[in-house]
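Let me begin by presenting the structure, written as structure tokens, before commenting on it.
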């Protein structure tokens with residue numbers, strides 16, 4: 012028997028057995044790495060699925076409200092896509108990941124407004140306007156408790172505020188209005204102007220874009236308007 | 008009970024006359040948050056088990072070929088209602104495996120051993 016065989020027989024480690032052990036552990040490392048990769052892939056897939064589910068759920072909520080109010084075609088979806096495009100151009104998408112939920116849900120508070128006011132054919136009385144103007148607050152209250160809806164809730168609350176302070180419910184002005192809400196105001200107005208409504212035809216992209224620029228610094232955030240002007244030609248008109 | 012439930016680490020006793028193996032097993036188990044105690048031979052292991060009886064360890068990782076009392080005999084003398092046994096031996100013959108099973112071991116791994124298999128076995132038994 013060689014010395015190493017004697018050692019092996021006694022169950023002691025030899026340089027050879029330690030080397031084998033090292034190789035075995037190297038295999039372990041490879042396998043663990045594979046498992047980790049698989050695990051990460053599964054988590055990423057689950058995350059994508061979860062995001063899709065969130066978005067679809069929010070869409071359903073938004074459509075419920077729209078069904079009660081006036082049906083506006085793909086207005087909600089265009090607000091979402093245009094809003095996301097402007098947020099990306101401003102470089103703030105990652106900062107406000109739930110902004111798109113707010114773009115879709117901006118009018119969710121209208122569930123709290125009686126239908127006779129929402130669908131009244133003629134002009135609203137002063138009292139009816141007071142009720143109508145509560146919808147941003149009602150919407151905010153609906154969303155404020157949801158942890159992943161912080162930005163969305165702020166958009167809902169502030170989507171009728173105006174840059175020069177004459178909006179509602181609080182008459183906030185300038186940068187007191189959260190940036191995603193300032194973005195929403197621009198894309199919402201643009202979409203309203205570029206779609207046919209029962210009472211008037213679309214203004215067309217060019218005139219609508221001019222109109223937005225004319226309101227920069229008055230109704231709208233001038234910085235948002237500047238970014239919007241650069242990308243308005245790239246926005247998809249049909250969704 | 009798991010350490011997550013009690014806030015205490017699960018304890019594993021490693022018995023091997025080879026300090027290199029003890030060190031490697033310790034490193035693997037500690038990486039998975041086990042507390043590891045060591046014994047270099049059978050009598051030391053049995054004394055230790057008696058001394059800390061009731062307060063762990065939950066599992067013993069046990070070499071077979073050791074001078075004095077070998078691992079099979081140590082396994083036979085262990086209170087299997089309290090402590091689970093993972094054999095870790097260079098021997099891979101049917102006869103030895105059979106003897107170990109008769110002595111009451113709960114898992115049998117061979118050297119060179121897989122860290123993953125060792126952790127899987129100990130995780131499964133030490134609960």
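Chains as they are written, first to last, in the working numbering: chain A, 12 to 250; chain B, 8 to 134. For every residue, glycine included, the Cβ atom is placed at its ideal position computed from N, Cα and C. Note that the structure is predicted; figures quoted are calculated from it, not measured.
Check	Outcome
Which bits of chain B does residue 43(A) rub up against, with CB to CB less than 8 Å?	123
Please list, in chain order, the chain A residues whose beta carbon lies closer than 7 Å to that of residue 120(B).	35
Is residue 80(B) near residue 49(B), with beta carbons less than 8 Å apart?	yes
Under DSSP, the beta strand (DSSP E) around residue 28(A) begins and ends at which residues?	Run containing residue 28(A): none in the beta strand (DSSP E); it sits in the alpha helix (DSSP H), 26–79.
Quick one: using the 10 Å Cβ neighbour count with 16 as the cut-off for buried, is residue 256(A) buried or exposed?	Summary: the structure shown does not reach residue 256(A), with chain A confined to residues 12 through 250, and so no result is reported for it.
Beta-carbon of residue 49(A) versus every beta-carbon of chain B: anything under 8 Å?	no
Can you tell me where the beta strand (DSSP E) with residue 42(B) in it begins and where it stops?	42–46
Determine, for residue 31(B), whether the minimum Cβ-Cβ distance to residues of chain A falls below 8 Å.	yes
Residue 31(A) versus chain B: which residues are under 9 Å apart at the beta carbon?	118 and 119
Taking DSSP as the reference, what is the three-state secondary structure of residue 98(B)?	coil
Give me the chain A residues within the contact set of residue 79(B), using Cβ-Cβ distance strictly less than 7 Å, ordered along the chain.	Under the 7 Å cutoff, chain A gives no residues; its nearest Cβ is about 13 Å from residue 79(B).
Tell me the rounded alpha-carbon separation between residue 236(A) and residue 78(A).	31 Å
Mind pulling the chain B residues with CB within less than 7 Å of residue 202(A)?	By Cβ distance, chain B contributes nothing, its closest Cβ being about 52 Å from residue 202(A), past 7 Å.
Residues bridged to residue 20(B) by DSSP?	44(B) and 67(B)
If the criterion is Cβ atoms closer than 8 Å, does the pair residue 119(B) and residue 45(A) meet it?	no
Using DSSP with H/G/I as helix, E/B as strand and the rest coil, what is residue 195(A)?	helix
What do you get for residue 121(A), buried or exposed, if any count of 16 or more other CB atoms within 10 angstroms of its CB means buried?	buried
Report the three-state DSSP secondary structure of residue 162(A) (helix, strand or coil).	helix
Under 7 Å Cβ to Cβ from residue 146(A), same chain only, skipping five residues before and after it: list those, please.	118, 120, 121, 123 and 124
Quick one: list the residues of chain A neighbouring residue 128(B), beta-carbon separation under 7 Å, in chain order.	Within chain A, no residue comes near residue 128(B); the closest Cβ sits about 14 Å away, beyond 7 Å.
Would you please verify whether the beta carbon of residue 39(A) is less than 8 Å from any beta carbon of chain B?	yes
Taking contact to mean at least 3 C-beta pairs separated by less than 8 Å, is the stretch 155–169 of chain A in contact with the stretch 126–134 of chain A?	no
Quick one: list the residues of chain B neighbouring residue 28(A), beta-carbon separation under 8 Å, in chain order.	97, 118 and 119
For residue 48(A), count the other beta carbons within 10 Å of its own beta carbon; 16 or more makes it buried, fewer makes it exposed. Which is it?	exposed
Report all residues from its chain with a CB closer than 6 Å to the CB of residue 8(B); omit the five preceding and five following residues, and keep chain order.	Residue placement at residue 8(B) is poorly supported in this model, since its pLDDT is 46, which falls under 50; the coordinates still yield a value, given next. For residue 8(B), where only same-chain residues beyond five positions count, there are no Cβ hits under 6 Å.
If you drop the 5 nearest sequence neighbours on each side, which residues of the same chain put their C-beta closer than 8 Å to that of residue 215(A)?	205
Between the Cα of residue 244(A) and those of 203(A), 178(A), 234(A) and 96(A), spot the shortest distance and give me the residue it belongs to.	96(A)
Can you name the residues of chain A whose CB is closer than 8 Å to the CB of residue 27(B)?	24 and 29
Tell whether a beta-carbon distance below 8 Å holds between residue 70(B) and residue 123(B).	no
Taking three-plus beta-carbon pairs below 8 Å as touching, is the stretch 225–235 of chain A in contact with the stretch 170–181 of chain A?	yes
Can you look up residue 117(B) in the DSSP assignment and give me helix, strand or coil?	strand
If you drop the 5 nearest sequence neighbours on each side, which residues of the same chain put their C-beta closer than 6 Å to that of residue 213(A)?	205, 206 and 207
Can you tell which of 58(B), 55(B), 66(B) and 62(B) has the C-alpha that lies nearest to the C-alpha of residue 127(B)?	66(B)
By the three-class DSSP mapping on this structure, what secondary structure does residue 208(A) have?	strand
Quick one: using the 10 Å Cβ neighbour count with 16 as the cut-off for buried, is residue 91(B) buried or exposed?	buried
Over the uninterrupted alpha helix (DSSP H) stretch that includes residue 254(A), give me the two end residues.	The structure shown has nothing for residue 254(A), since chain A only spans 12 to 250.
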